[in-house]
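Below is one structure, written out as structure tokens; comments come after it.
Put into structure tokens, the structure is as follows:
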């Protein structure tokens, strides 16, 4: 969800801008352990793909638009820290070059989509995949798709909840918190389903061709489970 300027008051915007800067600095430091010669090009492709899908927006509330987020997809393919950086770069370019999301709202948008959404999505994906591997030596590609779908849906809803928290702390609009919560959660449950389908199909496609590039499969344990087509 892209917030425009003035949706939350100045102290809230500044506070989340500081949080976003600190979070991205940590991600930049930790991303060095996720990237190598094979995965750097994939990170670029992931950022470009997410940029394209996020350009399709539809209104939710005055000054707030909804769209696919891509946080879980980025985290599963290239890692949570690199994934957060990919989302942040997309948000910054959209705000500065396409006026998609307010400049003063960059901190809140980055916090919701690049930090909260990615962390929640990857946390769910890693937990589910680790749980599956405890009970089997081989994990089918469709099963990985189910993991990706669930992670994307949960990450989307958690990112929407981040906006609700920000609005509760310093909402500058006249819309009541109850109305904002109902609109955001109701809309993003549906967005989460669509995002889950796209994430699952994309992750499954990469798993079938180059499973060695999927961060979730490479790093979940010292000895990853074998991923089989079905």
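In my numbering, the protein residues as written are 80 to 309.
By construction, the Cβ of each residue, glycine as well, lies at the ideal position given by its N, Cα and C atoms.
All values reported here derive from a predicted model rather than from experimental measurement.
Residue i versus residue j - alpha carbon distance
{"i": "residue 283", "j": "residue 277", "result": "10 Å"}
{"i": "residue 285", "j": "residue 274", "result": "17 Å"}
{"i": "residue 106", "j": "residue 160", "result": "5 Å"}
{"i": "residue 223", "j": "residue 89", "result": "42 Å"}
{"i": "residue 169", "j": "residue 270", "result": "19 Å"}
{"i": "residue 100", "j": "residue 119", "result": "22 Å"}
{"i": "residue 163", "j": "residue 281", "result": "18 Å"}
{"i": "residue 310", "j": "residue 193", "result": "This structure gives no information on residue 310, because the portion of the chain shown stretches from 80 to 309."}
{"i": "residue 183", "j": "residue 260", "result": "22 Å"}
{"i": "residue 199", "j": "residue 232", "result": "10 Å"}
{"i": "residue 180", "j": "residue 216", "result": "45 Å"}
{"i": "residue 98", "j": "residue 191", "result": "11 Å"}
{"i": "residue 123", "j": "residue 221", "result": "25 Å"}
{"i": "residue 288", "j": "residue 157", "result": "16 Å"}
{"i": "residue 108", "j": "residue 265", "result": "36 Å"}
{"i": "residue 252", "j": "residue 291", "result": "47 Å"}
{"i": "residue 254", "j": "residue 94", "result": "22 Å"}
{"i": "residue 114", "j": "residue 134", "result": "26 Å"}
{"i": "residue 167", "j": "residue 149", "result": "11 Å"}
{"i": "residue 151", "j": "residue 250", "result": "27 Å"}
Cβ separation of residue i and residue j, assumed to be a contact under 8 Å, to the nearest whole Å
{"i": "residue 96", "j": "residue 185", "result": "7 Å"}
{"i": "residue 87", "j": "residue 201", "result": "Actually they are not in contact, since the Cβ atoms of residue 87 and residue 201 sit about 26 Å apart, beyond 8 Å."}
{"i": "residue 203", "j": "residue 238", "result": "About 13 Å separates the two Cβ atoms, so there is no contact after all."}
{"i": "residue 91", "j": "residue 248", "result": "5 Å"}
{"i": "residue 153", "j": "residue 129", "result": "6 Å"}
{"i": "residue 196", "j": "residue 234", "result": "5 Å"}
{"i": "residue 188", "j": "residue 263", "result": "About 14 Å; that fails the 8 Å criterion."}
{"i": "residue 132", "j": "residue 121", "result": "Not confirmed; about 17 Å, so no contact."}
{"i": "residue 279", "j": "residue 228", "result": "4 Å"}
{"i": "residue 165", "j": "residue 226", "result": "No, residue 165 and residue 226 are not in contact; Cβ-Cβ is about 20 Å, not under 8 Å."}
{"i": "residue 267", "j": "residue 244", "result": "At roughly 14 Å, the Cβ-Cβ gap does not stay under 8 Å, so residue 267 and residue 244 are not in contact."}
Assigned exposure category for residue i - 16 Cβ within 10 Å defines buried
{"i": "residue 209", "result": "exposed"}
{"i": "residue 293", "result": "buried"}
{"i": "residue 155", "result": "buried"}
{"i": "residue 176", "result": "exposed"}
{"i": "residue 112", "result": "exposed"}
{"i": "residue 214", "result": "exposed"}
{"i": "residue 174", "result": "buried"}
{"i": "residue 272", "result": "exposed"}
{"i": "residue 298", "result": "exposed"}
{"i": "residue 295", "result": "buried"}
{"i": "residue 116", "result": "exposed"}
{"i": "residue 218", "result": "buried"}
{"i": "residue 241", "result": "buried"}
{"i": "residue 103", "result": "buried"}
{"i": "residue 127", "result": "exposed"}
Span of the alpha helix (DSSP H) around residue i
{"i": "residue 274", "result": "256 to 288"}
{"i": "residue 296", "result": "294 to 298"}
Along the chain, which unbroken stretches of the beta strand (DSSP E) at least 3 residues long are found entirely within the region 170 to 245? Along the region 170 to 245, the beta strand (DSSP E) occurs as fully enclosed runs of 3 or more residues at 217 to 219, listed in sequence order.
4 or more residues per run - each alpha helix (DSSP H) lying fully within the region 86 to 156: Within the region 86 to 156, the complete alpha helix (DSSP H) runs of at least 4 residues are 89 to 109 and 118 to 133.
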